[in-house]
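Number of protein chains: 2
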Amino acid sequence: MTSSKPADALTIEQQICYAMHTTVRAFDAVYRELLAEHGLSYPQYIALMAIGEHGPLTVGALGELMRLDSGTLSPLLKRMEAAGLVGRTRDRADERRVLVALTDLGRDRLAGVSEVPRAIAARSGLTLSQLAELRSTLERLTATLETARP
Amino acid sequence: MTSSKPADALTIEQQICYAMHTTVRAFDAVYRELLAEHGLSYPQYIALMAIGEHGPLTVGALGELMRLDSGTLSPLLKRMEAAGLVGRTRDRADERRVLVALTDLGRDRLAGVSEVPRAIAARSGLTLSQLAELRSTLERLTATLETARP
DNA sequence: CACAATTCTGTTGTGCACAATTTGATAGTA
DNA sequence: TACTATCAAATTGTGCACAACAGAATTGTG
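These protein sequence lines map, in sequence, to chains A and Y. Quick note on numbering: full-length UniProt numbering labels position 7 of the first sequence as 7, and the sequence is numbered without any gaps. Quick note on numbering: full-length UniProt numbering labels position 29 of the second sequence as 29, and the sequence is numbered without any gaps.
In structure tokens form, the structure reads like this:
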């Protein structure tokens, strides 16, 4: 019962899914470590930056930016609201919408994590131009993967 | 209360974490779509390939390959066992260990998803050499991120 | 105006992920 | 032998993710 391995068979180590998977695990661990002292999870960190940069956002607009649906964002935002980082208010103009905005504490927290990108860049061992090129590749890849969707 | 944006501030769109996050979301959606008809989740697909390629594995060894701990793998493997894809047996030589191996059905299922890597490559819009280069970059990045860990 | 269709958010159920702890087995040492 | 330390897997608790659905508000059409 020896396992058969044709010469043209892709081993798991040769597949893009495995490379992406292990890289994400590694990034996740480093972000977890850097964000722990700030009381933020990785998704909360991204949400904090997105809201801070794009002002008050509806849940749907934040979901488009983060590629998450309401089933993920609603409980995540409630936890951030409970932590005092964001405020959620109904949009007067359209009562179906909920506007999410940073509180003063949220802005302070955002300022407190401003050195994280630099720390991540250092940990990655890549030069700024290598990072920029990787980012560019990932952006094109994301765009292609998303356009092919039904 | 206009948001202040210094010229040197990184916008979220310029950060590697955001690019990785959106790419992972996009990959996840495509894999979910391709694997749905086979009754596999993305982590289950990776586990299936890893076990099929590296023969019977302990939970710990599979965890090293997949960068997952027992808290994630135990229930995942139990679901795969319930689906008839893998068998779990205590290692006679060391009763602390559990050996995970593919069943005949698991091998059939693995053969059934053999075209997935090619489909993913096509969806990515990248050439084989571009994919290989991206994979190489990710592998080096993963190695660096993992070595810096305490 | 009435009413059907659409839009937006939230809830429920299932699966994936880790930290912390528990249970059981092995190895090492007095 | 007994005692400790270590190791492997499983369990528990919390958070993140989607699919499917529910409910309220808005929009479009007659």
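Idealized CB from N, CA, C, for every residue including glycine.
- Beta-bridge pairing by DSSP links residue 83(A) to no other residue.
- In the same chain as residue 59(A), and ignoring 5 residues on each side of it, the C-beta atoms closer than 8 Å to its own belong to 70, 73, 74, 77, 97, 98, 100, in chain order.
- For residue 44(A), none of the residues of chain Y pass the 8 Å Cβ criterion, the least Cβ distance being about 12 Å.
- Under the three-state reduction of DSSP output, residue 119(A) falls in the helix class.
- Between residue 65(Y) and residue 50(Y), the gap from beta carbon to beta carbon is short of 8 Å.
- Around residue 137(A), the beta-carbon contacts reaching into chain Y at under 7 Å are 134.
- Within chain Y, 10, 15 have C-beta atoms less than 7 Å from the C-beta of residue 117(A), given in sequence order.
- Interface criterion met: the Cβ of residue 49(Y) is under 8 Å from a Cβ in chain A.
- Scanning chain Y for C-beta atoms nearer than 7 Å to the C-beta of residue 145(A) yields 26, 27, 30, 123, 124, reported in chain order.
- With a threshold of 8 Å between beta carbons, residue 80(A) makes no contact with chain Y.
- Taking a contact to require three or more Cβ pairs closer than 8 Å, the region 33-53 of chain A and the region 106-125 of chain A qualify as touching.
- Following the DSSP letters along the chain, one finds residue 93(A) in no beta strand (DSSP E), marked with neither H nor E.
- Beta bridge pairing from DSSP links residue 58(A) with 99(A).
- In the three-state scheme derived from DSSP, where H, G and I count as helix and E and B as strand, residue 139(A) is classed as helix.
- By the rule that beta-carbons nearer than 8 Å mark a contact, residue 67(A) touches chain Y.
- Not flagged as an interface residue toward chain Y: residue 37(A), since no C-beta distance is shorter than 8 Å.
- Taking the beta carbon of residue 142(Y) as reference, the chain A residues within 7 Å of it are 22, 23, 26, listed in sequence order.
- Counting every other CB atom within 10 Å of its CB across the protein chains shown gives residue 124(A) a total of 16 or more, marking it as buried.
- Against chain A, the CB of residue 53(Y) has a partner CB under 8 Å away; the residue lies at that interface.
- Using a C-beta cut-off of 8 Å, the region 128-144 of chain A makes no contact with the region 13-31 of chain A, since fewer than three inter-stretch Cβ pairs fall below that distance.
- The Cβ of residue 105(Y) sits no closer than 8 Å to any Cβ of chain A.
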